[in-house]
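Below is one structure, written out as structure tokens; the observations come after it.
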Amino acid sequence: MSRPLKSISIAAPAILGINTQSSSVNLQDGFALQADNCIIDKFGRLGSRKGWDLKTTQLAGGGSSAAVNLVGMHHFIDFTGAKTTISWSDTQFYTGYTTLTALDVTGASAQSLSTGNWMAATLNDLAYFFQEGYLPLVYDPVAGTLKPMQDLDFTGAIVSGDGAGESDIPTQSANITTNIAAIPQGGFVMSSFGRLWVAKIGGSAGNKTKVYFSDVNDGRDWTQGTAGVLDIASVFPKGTDQITGLATQNGALVILCRNSIVIYDDQVNNFNDTITVTNLTLADIIYGVGCIAAKTIVNTGEDVLFLDSTGVRSLGRTIQEKSRPMRDVSMNVRDDLLDDVLETKNTTNVTIDEITAIYSPIDGFYLLSFPSRKKAYCFDTKGILEDGSFRVTTWSDVPHISYAFDPLSDVINIVGAAGIAEYDGYTDYGLSYPMTYYTNHFDMGDASVTKILKKVGVVLLGSNAQSFNIKVSADYQSRFETYPHLGSASAFISQYGISEYNIAEYSSGIALENIALPVGGSGTVLQVGFETIISGQILSLQKLNILTKIGRML
Numbered sequence: 000m001s002r003p004l005k006s007i008s009i010a011a012p013a014i015l016g017i018n019t020q021s022s023s024v025n026l027q028d029g030f031a032l033q034a035d036n037c038i039i040d041k042f043g044r045l046g047s048r049k050g051w052d053l054k055t056t057q058l059a060g061g062g063s064s065a066a067v068n069l070v071g072m073h074h075f076i077d078f079t080g081a082k083t084t085i086s087w088s089d090t091q092f093y094t095g096y097t098t099l100t101a102l103d104v105t106g107a108s109a110q111s112l113s114t115g116n117w118m119a120a121t122l123n124d125l126a127y128f129f130q131e132g133y134l135p136l137v138y139d140p141v142a143g144t145l146k147p148m149q150d151l152d153f154t155g156a157i158v159s160g161d162g163a164g165e166s167d168i169p170t171q172s173a174n175i176t177t178n179i180a181a182i183p184q185g186g187f188v189m190s191s192f193g194r195l196w197v198a199k200i201g202g203s204a205g206n207k208t209k210v211y212f213s214d215v216n217d218g219r220d221w222t223q224g225t226a227g228v229l230d231i232a233s234v235f236p237k238g239t240d241q242i243t244g245l246a247t248q249n250g251a252l253v254i255l256c257r258n259s260i261v262i263y264d265d266q267v268n269n270f271n272d273t274i275t276v277t278n279l280t281l282a283d284i285i286y287g288v289g290c291i292a293a294k295t296i297v298n299t300g301e302d303v304l305f306l307d308s309t310g311v312r313s314l315g316r317t318i319q320e321k322s323r324p325m326r327d328v329s330m331n332v333r334d335d336l337l338d339d340v341l342e343t344k345n346t347t348n349v350t351i352d353e354i355t356a357i358y359s360p361i362d363g364f365y366l367l368s369f370p371s372r373k374k375a376y377c378f379d380t381k382g383i384l385e386d387g388s389f390r391v392t393t394w395s396d397v398p399h400i401s402y403a404f405d406p407l408s409d410v411i412n413i414v415g416a417a418g419i420a421e422y423d424g425y426t427d428y429g430l431s432y433p434m435t436y437y438t439n440h441f442d443m444g445d446a447s448v449t450k451i452l453k454k455v456g457v458v459l460l461g462s463n464a465q466s467f468n469i470k471v472s473a474d475y476q477s478r479f480e481t482y483p484h485l486g487s488a489s490a491f492i493s494q495y496g497i498s499e500y501n502i503a504e505y506s507s508g509i510a511l512e513n514i515a516l517p518v519g520g521s522g523t524v525l526q527v528g529f530e531t532i533i534s535g536q537i538l539s540l541q542k543l544n545i546l547t548k549i550g551r552m553l
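Numbering (numbering that gives the first Met the number 0), first residue to last: 0 to 553.
This is the structure in structure tokens:
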């Protein structure tokens with residue numbers, strides 16, 4: 000008598016993202032134990048991430064850009080809407096994108112540069128650069144100069160076309176060089192509410208609780224008008240804390256500290272138009288939650304995300320759930336993520352400050368990068384799971400130390416040894432990269448009987464005749480049997496009605512493939528994996544079908 004067949008179908012693999020935190024055998028089919036170099040697209044499919052396409056080709060005046068060793072960048076957009084991309088290494092600034100032109104720091108106060116840990120902000124047609132231990136720098140798009148703030152001499156009215164060689168900026172009543180001591184040399188700068196806000200996150204003990212704010216519409220002026228200093232040292236009834244970054248949300252000034260969050264509000268204007276800084280009022284203090292890495296603070300437009308000692312936190316959810324400080328949007332990968340934080344801290348010559356993040360409103364994800372680990376966590380912000388967390392996948396072999404989103408071209412940029420690259424295409428600098436997916440451990444609803452694997456079917460949306468490996472394991476064994484599918488070198492095709500409009504162009508080779516492979520192995524609990532190589536073409540895993548024969552009862 001033949002034994003019955005039983006099948007399981009995962010209609011949208013990893014639609015719930017990775018979950019390595021819960022018991023894997025009790026997970027829903029939509030969770031995955033591994034989804035590497037993947038994203039979850041807007042249709043809920045598990046797809047390959049894009050690659051990195053190097054755009055910089057040369058230096059001005061000729062020569063290769065192979066050793067510029069960039070570590071940061073800022074897209075400066077002036078009043079006319081023109082963009083100037085400013086990048087920097089530890090010792091040199093540059094302008095340009097495909098061709099880099101050296102931008103020297105000039106002026107009597109110019110310092111020799113040895114570290115590139117600059118943070119940039121734009122205010123009133125000027126770009127500002129701050130770093131602990133260095134004089135703040137100011138880029139003027141009209142003059143094309145980069146000078147220490149101390150060397151800016153605006154003693155008279157500056158008007159457009161007067162030949163002064165500086166931007167059209169409101170008059171400053173006194174030479175800024177008379178206020179050198181008041182200019183903060185902070186490590187965190189934010190442009191918001193018509194001012195620059197600066198915190199000395201790495202400064203002396205007496206300065207770690209101070210926020211400096213410039214005059215309205217003038218990031219050069221730190222003593223006149225309504226410029227001033229906000230010291231929050233006295234607001235911590237449970238002991239002192241240290242500022243690690245700044246943000247804004249819903250018209251409030253958010254001061255993120257290492258172990259707490261302090262929120263100030265303007266009860267008069269609610270930070271609309273001109274701020275009445277004398278009306279800054281302490282609105283709230285949240286204890287047990289804070290930011291441990293300044294470069295992970297990202298404003299998504301609706302929320303502020305940042306890395307806390309317990310994982311990735313959402314400021315909106317933190318405010319709503321102050322009584323539950325351990326809850327975070329990364330809870331499904333919490334232990335793995337915190338292991339990467341610990342490994343980063345324990346790596347020689349590496350600090351936790353290297354951890355960085357970027358938000359892409361086009362792709363709808365928050366990317367948290369661990370450069371020394373060459374790893375990133377991609378949090379899908381397009382929806383929230385029932386437990387309040389984000390869906391998450393991982394990216395491997397991504398050692399990027401700095402990201403910037405270009406609002407004009409809607410792309411993510413990174414900088415590196417040879418220049419500037421874009422998150423685009425499906426190769427990493429012309430090289431292929433792996434895409435990996437593994438299901439949770441599943442027993443097909445009955446852990447008491449043996450399942451004999453017969454077939455595994457996959458439905459792929461992507462390049463025609465894709466080669467891949469199906470991996471099969473049973474009963475929690477770490478050893479997997481491999482079953483390859485070798486795609487033929489046939490021409491790419493596109494099928495009308497299958498490739499979604501605006502997602503895959505008609506000529507790009509997007510097709511639907513339904514492939515079933517005979518497999519072997521048996522066990523009470525099964526796990527299936529899918530591994531392939533991405534080399535120039537997008538790929539999405541649409542469906543996974545597993546067919547077994549029911550064996551004896553244990």
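For glycine and all other residues, C-beta sits at the position ideal for the given N, C-alpha and C.
In this chain, the beta strand (DSSP E) harbouring Glu480 covers 480-484.
Using a Cβ distance threshold of 8 Å, Phe212 and Ala226 count as a contacting pair. Taken in chain order, the unbroken stretches of beta strand (DSSP E) that lie wholly in the segment 213-294 and span 3 residues or more are 227-230, 242-248, 251-256, 259-265, 279-286. Exclusion of the five residues before and after Val137 leaves Leu125, Ala126, Tyr127, Phe128, Leu145, Lys146, Pro147, Met148, Leu151, Gly218, Arg219 as the residues of its chain whose Cβ lies within less than 8 Å of its Cβ. Between Thr449 and Gly535 the beta-carbon gap is near 42 Å, outside 8 Å, which marks them as no contact. Taken through DSSP and simplified to helix, strand or coil, Lys450 comes out as strand.
According to DSSP, residue pairing for Val311 in a beta bridge involves Leu306.
Our two residues, Leu281 and Asn25, have alpha carbons roughly 45 Å apart in a direct line. Only residues of its own chain outside the window of five on either side were considered, and among them Gln130 have a CB closer than 6 Å to the CB of Asn116, listed in chain order.
In the DSSP assignment, Thr343 falls within the unbroken alpha helix (DSSP H) covering 333-345.
Between Ile545 and Val410, the CB-CB gap reaches or exceeds 8 Å. Only buried fits Asp240, as 16 or more other CB atoms lie within 10 angstroms of its CB. In terms of CA proximity to Val228, Asn206 leads the group Asn206, Asn216, Gly550.
For Gly186, the CB contacts under 8 Å within the same chain, skipping 5 residues up- and downstream, are Asn116, Met118, Phe129, Gln130, Glu131, Ala198, Lys199, Ile200, Gly201, Gly202, Ala293 in chain order. Between the C-alpha atoms of Leu485 and Gln541 there is a straight-line separation of about 19 Å.
Taken through DSSP and simplified to helix, strand or coil, Gln110 comes out as coil. In this structure, the beta-carbon distance from Asn18 to Met434 does not fall below 8 Å. Within the segment 518-552, the runs of beta strand (DSSP E) that reach at least 3 residues and sit entirely inside it are, in chain order, 525-533, 538-552. By the C-beta density criterion, Leu4 is exposed, having fewer than 16 other C-beta atoms within 10 angstroms. Here the segment 517-536 makes contact with the segment 471-481; the two share three or more CB pairs at distances below 8 Å.
Judged by DSSP in its simplified three-state form, Asn298 adopts strand. For Tyr428 against Trp51, the beta-carbon gap comes to about 6 Å, under 8 Å, which counts as contact.
When DSSP states are grouped into helix, strand and coil, Asp352 belongs to the helix group. Cβ neighbours of Leu279 within its own chain (closer than 8 Å, five residues either side excluded): Leu229, Leu252, Tyr263, Asp264, Asp265.
Contact between Leu69 and Val414 holds, since their C-beta atoms are separated by about 4 Å, short of 8 Å. Annotation for Lys5: the continuous beta strand (DSSP E) segment containing it runs 4-9. With distances taken between CA atoms, Thr97 lies nearest to Gly418 out of Val210, Lys344, Gly418. With respect to Thr343, Ser371 sits close: the two C-beta atoms are nearer than 8 Å.
With a beta-carbon spacing of about 5 Å, Leu53 and Ala420 fall inside the 8 Å limit used to define contacts.
Residue state for Asn513 is assigned as strand, using DSSP reduced to three classes.
In summary, Ser23 is buried, with 16 or more beta-carbon neighbours lying within 10 Å of its beta-carbon over all protein chains present.
In the DSSP assignment, Phe30 falls within the beta strand (DSSP E) that extends over 30-35. One alpha carbon belongs to Gln465, the other to Phe364, and they sit about 27 Å apart.
By a beta-carbon distance limit of 8 Å, Val215 contacts Arg194. Their separation comes to about 6 Å. Listed in chain order, the non-local C-beta contacts of Asp28 below 6 Å within the same chain comprise Ile9, local neighbours out to five positions each way being set aside. Asp302 and Pro483 have their C-alpha atoms some 44 Å from each other.
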